[in-house]
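Number of protein chains: 2
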Amino acid sequence: MFRNFKMVSQVVFGRGCFNQLDEILSFQRVKSSSFVVFLVDHVFENSEFKSRIPAHDQDMIIWADTDDEPKTSYVDKLVEKVKSFSSDLPAGVVGIGGGSAMDLAKAVSLMLANPGSAADYQGWDLIKKPAVWHAAVPTLSGTGAEVSRTTVLTGPQKKLGINSDYTVFDQIVLDPELIAGVPKEQWFYTGMDCYIHCVESLQGTFLNAFSQSYGEKSMDLCREVFLQDPSDSADKLMMASYFGGMSIAYSQVGICHALSYGLSFVLGLHHGIGNSVAFDYLEEYYPEGVREFRQMMEKHEIMLPRNLVSGLSDEKLEKMIDVALVLSPLWENALGKDWAEIMTRDKIRQLYQRM
Amino acid sequence: MFRNFKMVSQVVFGRGCFNQLDEILSFQRVKSSSFVVFLVDHVFENSEFKSRIPAHDQDMIIWADTDDEPKTSYVDKLVEKVKSFSSDLPAGVVGIGGGSAMDLAKAVSLMLANPGSAADYQGWDLIKKPAVWHAAVPTLSGTGAEVSRTTVLTGPQKKLGINSDYTVFDQIVLDPELIAGVPKEQWFYTGMDCYIHCVESLQGTFLNAFSQSYGEKSMDLCREVFLQDPSDSADKLMMASYFGGMSIAYSQVGICHALSYGLSFVLGLHHGIGNSVAFDYLEEYYPEGVREFRQMMEKHEIMLPRNLVSGLSDEKLEKMIDVALVLSPLWENALGKDWAEIMTRDKIRQLYQRM
Chain S
1 MFRNFKMVSQ VVFGRGCFNQ LDEILSFQRV KSSSFVVFLV DHVFENSEFK
51 SRIPAHDQDM IIWADTDDEP KTSYVDKLVE KVKSFSSDLP AGVVGIGGGS
101 AMDLAKAVSL MLANPGSAAD YQGWDLIKKP AVWHAAVPTL SGTGAEVSRT
151 TVLTGPQKKL GINSDYTVFD QIVLDPELIA GVPKEQWFYT GMDCYIHCVE
201 SLQGTFLNAF SQSYGEKSMD LCREVFLQDP SDSADKLMMA SYFGGMSIAY
251 SQVGICHALS YGLSFVLGLH HGIGNSVAFD YLEEYYPEGV REFRQMMEKH
301 EIMLPRNLVS GLSDEKLEKM IDVALVLSPL WENALGKDWA EIMTRDKIRQ
351 LYQRM
Chain B
1 MFRNFKMVSQ VVFGRGCFNQ LDEILSFQRV KSSSFVVFLV DHVFENSEFK
51 SRIPAHDQDM IIWADTDDEP KTSYVDKLVE KVKSFSSDLP AGVVGIGGGS
101 AMDLAKAVSL MLANPGSAAD YQGWDLIKKP AVWHAAVPTL SGTGAEVSRT
151 TVLTGPQKKL GINSDYTVFD QIVLDPELIA GVPKEQWFYT GMDCYIHCVE
201 SLQGTFLNAF SQSYGEKSMD LCREVFLQDP SDSADKLMMA SYFGGMSIAY
251 SQVGICHALS YGLSFVLGLH HGIGNSVAFD YLEEYYPEGV REFRQMMEKH
301 EIMLPRNLVS GLSDEKLEKM IDVALVLSPL WENALGKDWA EIMTRDKIRQ
351 LYQRM
């Protein structure tokens, strides 16, 4: 059985295409009272960009707190907020920002249509009803959240995505101009999410020609962006992220992402930086990828944080290992069916203790 | 304004995934009486493959005549056939075959939902109502018809596609096993449709990073398939075709396709072979592409037909030029806004007379 992969329904790509968002939304506003929820990264609350958001009088703007990685409890709070704003469902939910804002928009649009807490749906294909129409406008590229069928959430027990066909965006607006002003470290770490993603997917056991074609091109684009500084770097990084996300259709990420989830859960480390921290210790598994990653770090003068785990209590360290071990598809992709014999708790502990 | 590109909703890719078609169709059969129209290339009528088509008792199999390129009159005939089969609309139309069968399935699903003749809709965005749900199962790769927003038809006056968001398939089933048995010449010419498509798109004036990323990877895959014979050649050709089709989102084909349309209209030449015939005389415009194309021909011992136009009447030659000249977006992509000053009737006549 091969996954019948759900794709984003519509994509617009081009410098300045953000200006088309109002027109795109007009097709969703079927009644004059139809309202749209803009879920926007709070970094834009006091920026010039704020005035470009095409919100009508009846619309709702939520400035999404992205200081922490998205939590299921925060999703539940946002859903309550939208429900108390209107007894009708919104005509659409638009996530504007990086991976966190996009994942929040996905989760809110799903949870507006499904009962209970977001934590109830962390896993694979647990969502039963289609989400409210939802769109993404990335202002940061690398996570692949714009095309993926997951929204990664930290719940009370675990960091795990709501993986579902209904999670996929109905519309994405890819405007390379919007990712131009990202601070260097954030640009780098988010880009490395994509690069590492490709290394893990291309070296994994799940790969087929569909995912390989997307993964290889994404990696080529990452190399161009992070080693050669092309003039259309933003355009290429945006495509690298999109292709990297698509490459996951018939593949999976691997060891680095599994370890990074543990780092995020226990230390609150953001996903991009968590990946970079973990990847630097994985030369045993991804020798060429780690070598090239270090070249990219050197070129952009990135200093990774060190000694994050050394002072940690045993209890927290063991929790970190628990969180990483939950992600069996990632381990299986990286190490094959017998992964559990290779990647023991001891081995994971040793890896974490070096970080 | 950038096109808000409509994508295929669902894609399944993998060796043997054709076996999942019955299950996929079950989601479309909402009533027990729901019927599906299978529009299958007639080459399969007496093949073993016939028994693998998951037709239920109430379904309709149409063996599509693909000896000629799809005509608007043939589409109208097929639509009548489906309408007289049942007063209900089918739950789905499934095209199984190469570009012709897929284009016929697109056109029939559109014309079941829209009044008049298919010829009324040749052009851009003339279709008003959504098509019947439609799916494609390519058994030949290269045209990109599986992802494109057009169905190319020969009408009474012109060869021109029905270009519309509604034309796009709802589902594609990409099973590389199905393209394994294609005769060499057909395999080559259809693959060259994809290769030439990439040359024209990548060298065109309309290109952006979205189309470039898809076009470059498609071309890499074509090079691998036609110059290196990889072990997973069928999988890669299938992906080359898909990526080639996607690259057209923000680009266009060019001179070769425009000339090829004229050859098809007047001489009835199939699209793939028409492209190859025309491309061989375009070294002035696509020097590197034509050189590499000739390497591919040599490697696979392909002999192009020659002297196709020399004996033609003036009237037919002028009609050929008319058909080619209609395709202004193709000429503009290739030669810029002032294309009409460069590509005069005389110039086109000279090119055709060499073929």
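In the order they appear, the protein sequences are chains S and B.
Going by UniProt numbering, the first residue of the first sequence is number 1, and it counts up by one from there.
Going by UniProt numbering, the first residue of the second sequence is number 1, and it counts up by one from there.
Think of the CB as a built atom: it goes at the ideal place given N, C-alpha and C, for glycine as much as any other residue.
Which term fits residue i, buried or exposed, when burial requires 16 or more other beta carbons within 10 angstroms of its beta carbon?
{"i": "Pro138(S)", "result": "buried"}
{"i": "Ser310(B)", "result": "exposed"}
{"i": "Thr190(S)", "result": "buried"}
{"i": "Pro305(S)", "result": "exposed"}
{"i": "residue 367(S)", "result": "It is not possible to answer for residue 367(S), since the shown part of chain S is limited to 1 through 355."}
{"i": "Arg149(S)", "result": "buried"}
{"i": "Pro176(B)", "result": "buried"}
{"i": "Gln10(B)", "result": "buried"}
{"i": "His197(B)", "result": "buried"}
{"i": "Phe227(B)", "result": "The question names Phe, yet the displayed sequence has Leu at residue 227(B). The residue in question, Leu227(B), is exposed, as its Cβ has fewer than 16 Cβ neighbours within 10 Å."}
{"i": "Ala145(B)", "result": "buried"}
{"i": "Ser51(S)", "result": "exposed"}
{"i": "Lys128(S)", "result": "exposed"}
{"i": "Asn333(S)", "result": "buried"}
{"i": "Asp229(B)", "result": "exposed"}
{"i": "Met1(B)", "result": "exposed"}
{"i": "Lys77(S)", "result": "exposed"}
{"i": "Met303(B)", "result": "exposed"}
{"i": "Gln295(S)", "result": "exposed"}
{"i": "Ile172(S)", "result": "buried"}
{"i": "Ser313(B)", "result": "exposed"}
Does residue i have its Cβ less than 8 Å from a Cβ in chain B?
{"i": "Ser32(S)", "result": "no"}
{"i": "Val12(S)", "result": "yes"}
{"i": "Ile248(S)", "result": "no"}
{"i": "Asp125(S)", "result": "no"}
{"i": "Arg149(S)", "result": "no"}
{"i": "Gln20(S)", "result": "yes"}
{"i": "Lys217(S)", "result": "yes"}
{"i": "Met192(S)", "result": "no"}
From which residue to which residue does the beta strand (DSSP E) around residue i run?
{"i": "Val94(S)", "result": "Gly92 to Gly97"}
{"i": "Leu174(B)", "result": "Gln171 to Leu174"}
{"i": "Phe38(B)", "result": "Val36 to Asp41"}
{"i": "Gly145(S)", "result": "The sequence given here places Ala at residue 145(S); Gly does not occur at that position. That residue, Ala145(S), is in no beta strand (DSSP E); it is neither H nor E in DSSP."}
{"i": "Met60(S)", "result": "Met60 to Ala64"}
{"i": "Val12(B)", "result": "Gln10 to Phe13"}
{"i": "Ile342(B)", "result": "Ile342(B) -> not in any beta strand (DSSP E); alpha helix (DSSP H) instead, spanning Trp339 to Ile342."}
Using a Cβ cut-off of 8 Å (strictly closer), state whether residue i contacts chain S.
{"i": "Ala209(B)", "result": "yes"}
{"i": "Val8(B)", "result": "yes"}
{"i": "Ser328(B)", "result": "no"}
{"i": "Phe226(B)", "result": "no"}
{"i": "Lys251(B)", "result": "In the sequence under discussion, the amino acid at residue 251(B) is Ser, which differs from the Lys named in the question. Judged by the 8 Å Cβ criterion, Ser251(B) is not in contact with chain S."}
{"i": "Cys222(B)", "result": "no"}
{"i": "Cys17(B)", "result": "yes"}
{"i": "Ser213(B)", "result": "yes"}
{"i": "Asn4(B)", "result": "yes"}
{"i": "Met102(B)", "result": "no"}
{"i": "Lys50(B)", "result": "no"}
{"i": "Phe169(B)", "result": "no"}
{"i": "Asp229(B)", "result": "no"}
{"i": "Phe243(B)", "result": "yes"}
What residue range is occupied by the uninterrupted alpha helix (DSSP H) comprising residue i?
{"i": "Thr151(S)", "result": "Looking at the DSSP string, Thr151(S) is not in any alpha helix (DSSP H), and its letter there is neither H nor E."}
{"i": "Phe188(S)", "result": "Lys184 to Leu202"}
{"i": "Gly215(S)", "result": "Ala209 to Arg223"}
{"i": "Leu160(B)", "result": "From DSSP, Leu160(B) is part of no alpha helix (DSSP H) but of the beta strand (DSSP E) over Lys159 to Asn163."}
{"i": "Tyr74(B)", "result": "Thr72 to Phe85"}
{"i": "Tyr352(B)", "result": "Arg345 to Arg354"}
{"i": "Leu327(S)", "result": "Careful: Leu327(S) lies outside any alpha helix (DSSP H) and carries neither H nor E."}
{"i": "Glu23(S)", "result": "Leu21 to Ser26"}
Am I right that residue i and residue j are in contact with their C-beta atoms under 8 Å? What's the rounded C-beta distance?
{"i": "Ser211(B)", "j": "Phe243(B)", "result": "About 10 Å separates the two Cβ atoms, so there is no contact after all."}
{"i": "Gly181(S)", "j": "Leu140(S)", "result": "Incorrect: roughly 10 Å between the Cβ atoms, too far for contact."}
{"i": "Gln20(S)", "j": "Thr72(S)", "result": "Wrong, their Cβ atoms sit about 33 Å apart, outside the cutoff."}
{"i": "Phe18(B)", "j": "Asn208(S)", "result": "That pair is no contact at about 15 Å."}
{"i": "His257(S)", "j": "Leu330(S)", "result": "6 Å"}
{"i": "Asp68(S)", "j": "Gly268(S)", "result": "6 Å"}
Consider the Cβ of residue i: report whether some Cβ of chain D lies at a distance smaller than 8 Å.
{"i": "Lys129(S)", "result": "Looking for chain D here will not work: the only protein chains present are S and B."}
### Query
Whole alpha helix (DSSP H) runs in the stretch 241–297 of chain S with 4 or more residues, listed along the chain?
255–267 and 271–279
### Message
Threshold first: 4 residues or longer. Then list the alpha helix (DSSP H) segments lying entirely within the stretch 108–143 of chain S, N to C.
### Response
none
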